[in-house]
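Line order of the protein sequences matches chains G and X. The letter at position 94 of the first sequence is residue 93 when you use numbering that gives the first Met the number 0, and the numbering goes up by one with no holes. The letter at position 114 of the second sequence is residue 113 when you use numbering that gives the first Met the number 0, and the numbering goes up by one with no holes.
2 protein chains.
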Amino acid sequence: MRHASLAAALPCPIARSLEIVGEWWSLLIIRDALLGARRFDEFKRSGISDNILSSRLKGLTDARIFKRVRYQTSPDRYEYVLTDKGRELAPVVLALRAWGRRWTKGNDFSEVRHEGCGGNIGVALACETCGEVPQAVDTRVTI
Amino acid sequence: MRHASLAAALPCPIARSLEIVGEWWSLLIIRDALLGARRFDEFKRSGISDNILSSRLKGLTDARIFKRVRYQTSPDRYEYVLTDKGRELAPVVLALRAWGRRWTKGNDFSEVRHEGCGGNIGVALACETCGEVPQAVDTRVTI
DNA sequence: TATACTAACTTGCATGACGAAAGTCACGGG
DNA sequence: CCCGTGACTTTCGTCATGCAAGTTAGTATA
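Written out as structure tokens, the structure is:
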């Protein structure tokens, strides 16, 4: 049965985001793209099956997370390049990475470091108005 | 076929995280918990099916994202409370929210605001060593 | 005693997501 | 003509997902 809509019952940007990037493997494809992967075989290194990769790339291109760019003719061949919309998923991927570094055990096949300083990149909450790291947040639910 | 391991081919904290929270509905359950939901019916407001909710809550409790706390006897009834491990998924959920606010259209059934200031909460990258917002990052892939 | 209500599940079944494996395509090169 | 290449497509089996109905273990009420 097709995945149920995550956003049908409660309108929510989180649910709408997950409808786009929440399928199995999707965020890993975006991870690999953020690390520089563009071509089909580069994405395959994650262990994903061909048919799933093809399907995901098509869906993510339809959602304008990627754009398909021809890099060769005869025959025509395409690579998948992140759009601005796609690149701005970096905080999501990095937040998962920071959480995973803290709460799961195992190695990392990649490094992401602060250029110059060399420090690891984390993710912090920040108020969009005053810029401060919030000590507390007010939540309100409208149902 | 059972979901393939996301982390088998490439060791990665992002993949390991998604193995825990990447199933359909999981991050929305955590969203609702962060907003205060604890009981089964509270989680059901998202639109999720009973059997899926039960299955997800069990899996997330096994992964120590939640702990199951008895709130009543006769009969025994339990609510699901986030652990520290679970609460620290907030940056992931808020990063999805910030992205969704920017790139998808639609309303939000909840508000998350900076206590006092009232500003919306965003997510920013930050160097874990020097604390700065990185202007550029170095990435290295070891395959 | 029988019935209703409650919150939290479980069960049965159908559909399609997922994934492995093999095959195809359109080229160029030897 | 055969082989290699990169990028898919196709086939088929398994099981994740989800709907709808049912069950459980209590209490309350008539």
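Glycine is no exception: its CB is placed at the ideal position from the N, C-alpha and C atoms.
Span of the beta strand (DSSP E) around residue i
i: G/I19; result: Premise fails: G/I19 lies in the alpha helix (DSSP H), 12 to 20, not in any beta strand (DSSP E).
i: X/T138; result: 136 to 140
i: G/A7; result: Careful: G/A7 lies outside any beta strand (DSSP E) and carries neither H nor E.
i: X/V132; result: No beta strand (DSSP E) holds X/V132; DSSP gives it neither H nor E.
i: X/G121; result: 120 to 126
Inter-residue Cα distance where the pair is residue i and residue j
i: X/V20; j: G/D31; result: 19 Å
i: G/P10; j: X/G105; result: 7 Å
i: G/S4; j: G/E18; result: 7 Å
i: X/R1; j: G/E131; result: 43 Å
i: X/G58; j: G/A7; result: 24 Å
i: X/Y70; j: X/R38; result: 10 Å
i: G/W102; j: G/A94; result: 12 Å
i: X/E114; j: X/V122; result: 16 Å
Short CB-CB distance (under 9 Å) between residue i and chain G
i: X/K66; result: no
i: X/V92; result: yes
i: X/S53; result: no
i: X/F108; result: yes
i: X/A32; result: no
i: X/D75; result: no
For residue i, the first and last residue of its enclosing alpha helix (DSSP H)
i: G/E110; result: First-last for G/E110: 109 to 113, but that is the beta strand (DSSP E), not the alpha helix (DSSP H).
i: G/L26; result: 25 to 33
Below-9 Å beta-carbon distance, residue i vs any chain X residue
i: G/P133; result: yes
i: G/N50; result: no
i: G/R38; result: no
i: G/L56; result: no
i: G/D61; result: no
i: G/A7; result: yes
Amino acids of chain X, ordered along the chain, whose beta-carbon sits closer than 7 Å to that of residue i
i: G/V80; result: Near G/V80 there are no residues of chain X at all, since even the closest Cβ is about 16 Å away, more than 7 Å.
Chain X contact residues for residue i, given Cβ-Cβ distances below 8 Å
i: G/R143; result: With chain G covering only 0 through 142, there is no way to say anything about residue 143 of chain G.
Proximal chain X residues relative to residue i, where beta-carbon distance stays under 9 Å
i: G/T138; result: L33, L34, G35, S109, E110, V111, R112
Cross-chain neighbours of residue i in chain G, by beta carbon under 9 Å
i: X/I28; result: Going along chain G, no residue has its Cβ under 9 Å from X/I28, so there is no contact; the nearest lies around 11 Å.
i: X/R1; result: Those do not exist, as X/R1 stays about 11 Å from chain G at its closest Cβ, beyond 9 Å.
*Can you list, in chain order, the stretches of the beta strand (DSSP E) that have 3 or more residues and sit fully within the segment 36 to 114 of chain G?*
Every beta strand (DSSP E) stretch that sits fully inside the segment 36 to 114 of chain G and reaches 3 residues is listed by chain position as 65 to 71, 76 to 81, 109 to 113.
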